[in-house]
Amino acid sequence: MKLLITGAAGFIGAHCVRYFTAQGHDVVATDIAARNGILALDVADPVAVHSMVASTRPQVILHLAALASVPLCESDPETCWKTNLQGTVYMAQAAAYGGARIVFFSTAAVYGKPDQLPTPVTAPVAPTNLYGLSKGGGELAVRGFAKDHVVLRLFNIYGEGCARSYVIPDLILKLRSTDGELLLQGTGNESRDFLYISDLLRLIEAALSAPSGSVYNAGSGTTITIRELAARVARLAGRPGTTFRFSGPRAGDFPINFADISPGNVPPGWKPLVSLEDGVRRMIREQTPPS
């Protein structure tokens with residue numbers, strides 16, 4: 009199968025390139041800037057988007073390119089809107105013209121502050137920040153313009169290679185480099201659902217052949233507060249006595265996400281295989297320098 013991946017230089021995109029290439033797919037990798045086998049593509053440029061899809065003729069587009077951060081979207085709403093919404097409109101239109109399926113990577117932030125926990129895909133889309141609003145608009149765009157589409161609502165994805173802006177690698181690096189009390193972002197009471205990258209890749213693979221119009225949660229079906237997570241990571245990193253303080257509420261943040269992964273909310277037969285503790289252990293091993 010021929011796949012076009014946008015946002016291929018990012019954490020999830022890079023994993024997708026490696027995974028699907030190893031699976032024998034013909035992968036065309038794109039990102040905002042060209043590098044190491046990745047073609048340059050600005051998804052906010054409609055001419056460039058249509059030209060890329062027309063010239064590469066993919067069967068499936070994995071549309072990951074986005075400003076994928078609540079704080080960054082709050083601080084730069086223009087780029088958020090241009091990339092996350094306008095870029096998705098152009099990709100969905102190009103997919104329709106080219107006869108390709110588009111797998112759109114949305115976010116659990118579209119649920120806002122859900123009344124149902126764990127949250128099913130049938131819950132209302134009611135985002136409370138610009139990131140969630142832009143992704144909710146992207147979902148409408150793929151439904152409105154793409155003839156063949158699947159939506160994945162990502163919770164908190166982590167694993168080897170994720171940037172320090174993600175809470176788990178930030179924790180590991182701070183535990184390794186700083187003695188004494190550690191400062192973390194937020195209040196510590198935010199509760200998040202973490203899914204390991206290899207489990208996400210298996211879910212994406214299932215989405216390639218899922219019925220058009222499917223919407224799936226990409227989460228573990230568990231949730232943990234950031235305060236509890238910090239203590240757990242500290243224990244696994246060999247620093248169980250570490251104390252933490254928190255910077256306070258962040259603009260646009262939400263109190264909890266918690267995915268419903270019962271049948272109908274995830275692809276048939278899919279379930280997460282990597283526990284949070286095992287995933288954190290893998291990341292600690294990856295970031296431990298050789299002795």
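Number 90 in the numbering used here belongs to position 82 of the sequence shown; there are no gaps in the numbering.
We put the beta carbon where it would ideally sit given N, CA and C, even for glycine.
On a predicted model such as this, the values are computed, not experimentally measured, just so you know.
The alpha carbon of A17 has as its nearest neighbour, out of L49, H33 and D34, the alpha carbon of L49. Here Q295 is not near L208, since their CB atoms are 8 Å or more apart.
Restricting attention to G120, I212, H157 and S222, the CA atom closest to the CA of N265 is found in G120. Look at A22 here: in three-state DSSP terms it is helix. Note that the C-beta distance between G227 and A267 is below 8 Å. The alpha carbon of Y166 has as its nearest neighbour, out of V158, V159, I176 and Q124, the alpha carbon of I176. Per DSSP, the continuous beta strand (DSSP E) segment holding L192 begins and ends at L190 to L192. For G15, same chain residues with a beta-carbon under 7 Å away, outside a window of 5 residues either side, are G21, D39, L72, A73 and A74 in chain order. Unbroken alpha helix (DSSP H) runs of no fewer than 4 residues, entirely contained in the region 233-271, are found at 234-244, following chain order. Judged by DSSP secondary structure, Y139 falls within the alpha helix (DSSP H) whose first and last residues are L138 to F153. Straight through space, the alpha carbons of D84 and N164 are spaced by roughly 21 Å. The three-state secondary structure of L125, taken from DSSP, is coil.
For G145 and G246, the gap between their C-alpha atoms comes out near 44 Å. A direct Cα-to-Cα measurement between K90 and G260 gives close to 19 Å. Beta-bridge partners of D34 (DSSP): K10.
Looking at A117, L93 and P257, the one whose alpha-carbon comes closest to that of G152 is L93. In the DSSP assignment, S114 falls within the beta strand (DSSP E) that extends over R109 to T115.
R65 is the residue among A41, F19, R43 and R65 whose C-alpha sits nearest the C-alpha of M9. Excluding its 5 nearest sequence neighbours in each direction, C81 has C-beta neighbours in its own chain below 6 Å: L75, C88, L138 and Y139, listed in chain order.
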